[in-house]
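Residue numbers (this note's numbering): 56 to 374.
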């Protein structure tokens with residue numbers, strides 16, 4: 056990734072290096088070309104035989120605009136110059152400088168942006184099948200939420216990946232399946248929020264009402280987390296039962312988890328507040344009870360024998 060400077064904004068741009076970069080890279084190139092009214096002349100999805108030809112406007116003649124004008128200095132050639140300048144600028148800055156050096160050999164003998172884009176597409180754009188496989192893998196990875204500060208990045212990825220999946224017509228994201236999958240994943244972070252969201256989604260489907268987009272669901276859940284997550288004695292923002300220092304039975308807790316800074320803060324908080332220990336232990340007791348009752352998850356009985364027995368929880372108490 057590199058940055059480009061613009062009079063109004065400094066933005067991050069994508070350098071075309073691998074097949075994974077193609078769609079993001081092409082999107083930025085398309086956006087720049089469209090702003091300069093040039094995309095129709097270079098779109099690699101257009102066949103060369105039907106590609107419109109870029110022609111500069113004919114330079115105005117003095118007599119065409121002012122019979123009394125004595126020289127061309129009295130007229131404007133801005134439109135012609137603008138086309139030529141923008142076209143060369145887009146070709147030079149937005150193409151050459153955003154391609155990995157090792158791929159420049161592909162376009163050295165190509166004279167126009169269209170020839171260069173079609174060549175790059177041929178060599179670096181992933182096939183539809185491979186892109187779908189990659190997107191499905193990325194989409195499935197979203198089903199397991201991370202912890203701590205990485206949750207914000209995970210939420211952004213939901214919008215990015217699902218939008219790409221919908222654009223590529225990945226079956227797993229058609230209809231309201233992506234919204235349902237997102238709410239199911241939310242239950243890992245906040246069971247009550249995820250469950251109530253699923254109920255509301257079912258009601259909307261039953262009423263044949265328009266379903267909000269994944270982006271809408273992500274936005275609301277992000278706002279909800281910012282408003283509801285309390286600050287834990289370990290210093291992070293999560294509930295006590297979701298703290299891996301407090302709740303060593305948490306199903307997502309790594310076996311070798313260690314957080315020395317958090318441990319010091321937790322120990323200091325327990326030492327400063329005599330009632331905190333009892334409050335935490337009561338919260339853990341409630342959490343264990345929910346786990347023994349099935350963790351609040353929705354289980355459908357199909358009459359089959361369980362494939363995995365439910366393990367009893369080992370009691371742990373903050374001392």
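Even glycine gets a Cβ: it sits at the ideal position worked out from N, Cα and C.
Quick caveat, the model's predicted, so the values are computed rather than measured.
CB of residue 309 within 8 angstroms of CB of residue 243, strictly = no
Do you know offhand how far residue 72's Cα is from residue 159's?
-> 10 angstroms
Cutoff 8 angstroms; reference residue 320; Cβ partners in own chain excluding five residues on either side | 288, 289, 290
For residue 234, the first and last residue of its enclosing alpha helix (DSSP H) = 232 to 244
May I ask you to report which of helix, strand or coil DSSP gives residue 71?
-> strand
For residue 214, the first and last residue of its enclosing alpha helix (DSSP H) | 205 to 222
Alpha helix (DSSP H) segment containing residue 290, residue limits | Note, residue 290: premise wrong, no alpha helix (DSSP H); not H, not E.
Let me know if residue 121 comes out buried or exposed under the rule of 16 or more other beta-carbons within 10 Å of its beta-carbon.
-> Because the pLDDT of residue 121 is 44, which lies under 50, any placement of that residue in the model is unreliable, and the question is left without a value.
Give the secondary structure of residue 266 by DSSP, where H, G and I count as helix, E and B as strand, and everything else as coil.
-> coil
Residue burial classification, residue 230 (beta-carbon count within 10 angstroms, cutoff 16) = exposed
Is residue 85 helix, strand or coil when you go by DSSP?
-> helix
Which whole-angstrom value is the C-beta distance of residue 256 and residue 227, which I expect to be below 8 angstroms?
-> That belief does not hold up - the Cβ atoms of residue 256 and residue 227 are roughly 16 angstroms apart, past 8 angstroms.
Among 196, 224, 258, which one has its Cα closest to the Cα of residue 237?
-> 196
What number of angstroms, rounded off, separates the C-alpha of residue 69 from the C-alpha of residue 215?
-> 15 angstroms
Three or more beta-carbon pairs under 8 angstroms between the stretch 171 to 180 and the stretch 89 to 101, yes or no?
-> yes
Span separating the alpha-carbon of residue 346 from that of residue 247 = 14 angstroms
Buried or exposed: where does residue 178 fall if 16 or more other Cβ atoms within 10 Å of its Cβ makes it buried?
-> exposed
Residue span of the alpha helix (DSSP H) that contains residue 194, given as start and end | 183 to 196
Would you kindly report the start and end of the unbroken alpha helix (DSSP H) that includes residue 334?
-> 331 to 347
Start and end of the alpha helix (DSSP H) containing residue 170?
-> 168 to 179
Cβ neighbours of residue 187 in the same chain (closer than 7 angstroms, five flanking residues each side left out) = 223, 225
Pull up the DSSP beta-bridge partners for residue 286, would you.
-> 292
How many angstroms separate the CA atom of residue 207 from the CA atom of residue 312?
-> 21 angstroms
Who does residue 154 pair with in a DSSP beta bridge?
-> 71
Are the CB atoms of residue 424 and residue 77 nearer to each other than 8 angstroms?
-> It is not possible to answer for residue 424, since the shown part of the chain is limited to 56 through 374.
Between which two residues does the alpha helix (DSSP H) harbouring residue 321 extend?
-> 315 to 327
Closer than 6 angstroms by C-beta to residue 295: which residues in its own chain qualify, once you throw out the five before and the five after it? Chain order, please.
-> 301, 335, 338
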